[in-house]
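Position one of the sequence shown corresponds to residue 233 (the working numbering), numbered consecutively onward.
We treat Cβ as the ideally placed atom computed from N, Cα and C, and that holds for glycine.
All values reported here derive from a predicted model rather than from experimental measurement.
Accompanying notes for the structure given below.
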Amino acid sequence: MARPPLPCTLTPHAPRRATLTPHAPRRATLTPHAPSRVPLPLRHHRAAGSCALATALHLATALHLAAGCAVSPEARPTTTPHPPPERPAVARPGALAPESPCRAPLDARDFGAGRGAPEGDAPALQRAIRAASAHPEPCVYLPPGTYVVRRAPGQPLLDVPIRPEVDGLTFHGAPDGTSRIVLEADTFAILVNKGDRAPLQPVQGLTLRHLTIEVTGGHGLSDASAIQLNHCPDVHVDDIRIRMDARAQVARGLKMSGLATSQGTSGLLEHLHVDGVSKAGIYLASGTHHLTVRSSETLHAWNTPPINAPPPGLSISDAHDITVIDHHAHHNRGAGLLIGVNGAPPVRVPGLPATAYGAYYPAAQAHGPATRIRVLGGSFSDNGDEGGTGVVIGSAYPEVPRDITLTDVLARDNRGTGILIEAGEAITLDGAVVTGNGAQGILVRDVVLPGHAPGAPRTAGIRLLNALIHDNGRAVRVDVGGLEIRGGVERVTLSGGIIAAGDAGSHQRMGVRIVPEGERACRGFITEGLPRIAAPVLFEGAGVP
Numbered sequence: 233m234a235r236p237p238l239p240c241t242l243t244p245h246a247p248r249r250a251t252l253t254p255h256a257p258r259r260a261t262l263t264p265h266a267p268s269r270v271p272l273p274l275r276h277h278r279a280a281g282s283c284a285l286a287t288a289l290h291l292a293t294a295l296h297l298a299a300g301c302a303v304s305p306e307a308r309p310t311t312t313p314h315p316p317p318e319r320p321a322v323a324r325p326g327a328l329a330p331e332s333p334c335r336a337p338l339d340a341r342d343f344g345a346g347r348g349a350p351e352g353d354a355p356a357l358q359r360a361i362r363a364a365s366a367h368p369e370p371c372v373y374l375p376p377g378t379y380v381v382r383r384a385p386g387q388p389l390l391d392v393p394i395r396p397e398v399d400g401l402t403f404h405g406a407p408d409g410t411s412r413i414v415l416e417a418d419t420f421a422i423l424v425n426k427g428d429r430a431p432l433q434p435v436q437g438l439t440l441r442h443l444t445i446e447v448t449g450g451h452g453l454s455d456a457s458a459i460q461l462n463h464c465p466d467v468h469v470d471d472i473r474i475r476m477d478a479r480a481q482v483a484r485g486l487k488m489s490g491l492a493t494s495q496g497t498s499g500l501l502e503h504l505h506v507d508g509v510s511k512a513g514i515y516l517a518s519g520t521h522h523l524t525v526r527s528s529e530t531l532h533a534w535n536t537p538p539i540n541a542p543p544p545g546l547s548i549s550d551a552h553d554i555t556v557i558d559h560h561a562h563h564n565r566g567a568g569l570l571i572g573v574n575g576a577p578p579v580r581v582p583g584l585p586a587t588a589y590g591a592y593y594p595a596a597q598a599h600g601p602a603t604r605i606r607v608l609g610g611s612f613s614d615n616g617d618e619g620g621t622g623v624v625i626g627s628a629y630p631e632v633p634r635d636i637t638l639t640d641v642l643a644r645d646n647r648g649t650g651i652l653i654e655a656g657e658a659i660t661l662d663g664a665v666v667t668g669n670g671a672q673g674i675l676v677r678d679v680v681l682p683g684h685a686p687g688a689p690r691t692a693g694i695r696l697l698n699a700l701i702h703d704n705g706r707a708v709r710v711d712v713g714g715l716e717i718r719g720g721v722e723r724v725t726l727s728g729g730i731i732a733a734g735d736a737g738s739h740q741r742m743g744v745r746i747v748p749e750g751e752r753a754c755r756g757f758i759t760e761g762l763p764r765i766a767a768p769v770l771f772e773g774a775g776v777p
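Structure follows, in structure tokens:
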């Protein structure tokens, strides 16, 4: 039965809230009847450019997309834009490039790159990389200009991309973004896959910096990425722009990510801007571990069935000990963030002893789940053509993601649910702000896989701490809960926070709604810390404690 609404007035003194500015990850002064419509935080020091999965079937399709040293805790990086750098001077051959971080960089033009050769510039860049490998501090500098990757007739596919497979190599362009690599071949732009057969050889300590990758003519390689980093321990990727034309790729039947890591890659990705890809913007795939993604942006990921499900901005599957700091994913056709399970068997993390493998997988598994994922700050907003979700955590396989924590994230103005949890264990949302979404603010479900009989819950141990949920249900015609729990979810804890009534344009008319699905009902809903719920709490059906 419905409980009467509790009085609730949000004030500037509500706990854990602050004015929403580029310097304040916590959120704005809000009242139950005045939804927040403040601009998104600034995302990157460059211009951003032109700017749900409610069923198991949709989730299965979305999760089919999935085919280090973690940085120490520090103050969250500012999102205040930096002044644009002056155009760097061009170094003379043999002289120190003033914009280079290296003491003795090799100028790629000295090896024939950037001269308009009919075979493209990748062969000349490979000559520069080979020459740099003989130096104690290998470094190749690409001055401002255009460098084309083309495929010569009969050339093997894996010989076409730029392959910076040298330990300790720094491969970088000009800081103002004018070093452009243009992909005009159906392959990768940059590939690290040393040895080209399992087990891959590691490429230790690679640095990629200040590059613009453009894939605008519909070229590419399905289920690949513009930058592919396989078995790259301690990689550092900084200030990279990737621009694609997703519709041109889809017209040719392609689906391609922006940047992907796998098979033992660890380290730091920061200040990435990925726009217009036809698969995931950034994909942390099988065997990626102890990696941080910081201060980056993914937008305009687009595709359409049957080529691919609507792609997410950031996708994580079969990856472990991942930290995502201040990431902004918006205007993607799929989710802003997808944390799931890879459809293939787990990839063993190279270098780990067999005794440590159980830390990633408690038993033999047929599919690889994401484990130990931390998301700190950032926004997942304005995603989805129809039903797109800010954040999705789930699995189309028996295995489920485990040990996932989202802290101070913003899920706003997505076409579907703000945050959707359909499968997973030990998931914590702390300080989430969820507002203006088309359906429920937060939806927690226990989805039975197609063809499987209901068994033990696949969604268990969910903790919602200090959330602010208001003014959702803006694209539906039925009343929804700010927090909605469906099916046989086990152990949901709501601690502190505020669930406010919606305004006239919102169908969030219930604070908490708990709904059984068939014979399955929630097993354990706990409130603690006096959450403020200014709307009814509705328990539907029997079996809810």
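Exercise for the section: Can you grab the Cα-Cα spacing for the pair D703 / A671, in whole Å? Expected result: 10 Å
Exercise for the section: Tell me whether P601 sits in a helix, a strand or coil according to DSSP, three-state version. Expected result: strand
Exercise for the section: Could you spell out where the beta strand (DSSP E) holding A658 opens and where it closes? Expected result: 656 to 662
Practice task
Evaluate A456 with the Cβ neighbour count: other Cβ atoms within 10 Å of its Cβ, from every protein chain shown; 16 or more gives buried, anything less gives exposed.
Solution key: buried
Problem - Own chain, CB closer than 6 Å to S365, minus 5 neighbours either side, in chain order - result: Beyond the five residues adjoining it in sequence on each side, S365 comes within less than 6 Å, by CB distance, of V398 in the same chain, given in chain order.
Handout entry: Reduced DSSP secondary structure (H/G/I, E/B, other) of H276
Key = Reliability of the predicted coordinates at H276 is poor, the pLDDT of 35 falling under 50, and the value obtained from them is presented with this limitation in mind. It is coil, neither helix nor strand.
Practice task
Output the distance between the C-alpha atoms of L516 and I674, rounded to the nearest integer angstrom.
Solution key: 24 Å
Exercise for the section: From the DSSP output, in three-state form, read off D391 for me. Expected result: helix
Exercise for the section: Identify whether Q358 lies in helix, strand or coil by the three-state DSSP scheme. Expected result: Reduced to three states, the DSSP call for Q358 is helix.
Practice task
State yes or no: is the C-beta of D617 within less than 7 Å of the C-beta of D645?
Solution key: no
Practice task
Report all residues from its chain with a CB closer than 6 Å to the CB of H532; omit the five preceding and five following residues, and keep chain order.
Solution key: For H532, the CB contacts under 6 Å within the same chain, skipping 5 residues up- and downstream, are D507, G508, H563 in chain order.
Exercise for the section: Measure from the alpha carbon of L461 to the alpha carbon of each residue in S527, I765, F420, then state which is nearest. Expected result: F420
Handout entry: Cα-Cα separation between E351 and T378, rounded to whole angstroms
Key = 14 Å
Practice task
Take N540 as the anchor and find which of L438, S510, E631, V447 has the nearest alpha-carbon.
Solution key: S510
Exercise for the section: Output the boundary residues of the beta strand (DSSP E) element that contains Q740. Expected result: 740 to 747
Exercise for the section: Output yes or no for whether 7 Å exceeds the beta carbon distance between Q597 and P582. Expected result: no
Handout entry: Reduced DSSP category for R764 - H, G, I as helix; E, B as strand; rest coil
Key = DSSP places R764 in strand when its eight states are reduced to three.
Problem - Close-in-space but distant-in-sequence residues of the same chain around E502 (CB under 6 Å, 5 per side omitted) - result: D470, R526, S527
Problem - Residues near P763 in its chain [Cβ-Cβ closer than 6 Å; skip 5 each side] - result: L726, G728, G729
Problem - Nonlocal neighbours in the same chain, by C-beta distance under 6 Å from R604, ignoring five residues either side - result: H552, D553, D635
Handout entry: Contacting residues, own chain, Cβ-Cβ under 7 Å from G437 (five flanking each side not counted)
Key = D399, G400, D466
Practice task
Hey, could you find the ends of the alpha helix (DSSP H) L481 is sitting in?
Solution key: Note that residue 481 is Gln in the sequence shown here, rather than Leu. Start and end: 478 to 483.
Handout entry: The beta strand (DSSP E) enclosing L696, as first and last residue numbers
Key = 691 to 697
Practice task
Mind checking who Y629 pairs with in its DSSP beta bridge?
Solution key: Its beta-bridge partners do not exist; DSSP assigns none.
Practice task
Count the other C-beta atoms from every protein chain shown that fall within 10 angstroms of the C-beta of P633, then say buried if there are 16 or more, exposed otherwise.
Solution key: Flag for P633 reads buried.
Handout entry: Assigned exposure category for P682 - 16 Cβ within 10 Å defines buried
Key = exposed
Problem - Own chain partners of H451 with C-beta closer than 7 Å, once the 5 adjacent residues on each side are dropped - result: L415, E416, A417, D418
Exercise for the section: Pick out whichever of R580, G610, L423 has its Cα sitting closest to the Cα of P431. Expected result: R580
Practice task
Look up A345 in the DSSP assignment and say whether it is helix, strand or coil.
Solution key: coil
Practice task
Just mark A655 as buried or exposed, buried being the case when its beta carbon has 16 or more other beta carbons within 10 Å.
Solution key: buried
Practice task
State yes or no: is the C-beta of S547 within less than 7 Å of the C-beta of A512?
Solution key: yes
Handout entry: Reference P537, options S549, G485, G572, closest by Cα
Key = G485
Practice task
Sort R475, H463, S454 by Cα distance to A483 and report the nearest one.
Solution key: S454
Practice task
Check each candidate in G566, G719, L715 and name the one with the smallest Cα separation from P733.
Solution key: For clarity, residue 733 is Ala in the given sequence; the question names Pro instead. Per the Cα distances, L715.
Handout entry: Cβ shell of A354 (< 6 Å), same chain only, five flanking positions each side left out
Key = Contacts found: V381, I394.
Practice task
State buried or exposed for I514, treating a residue as buried only when at least 16 other CB atoms are found within 10 Å of its CB.
Solution key: buried
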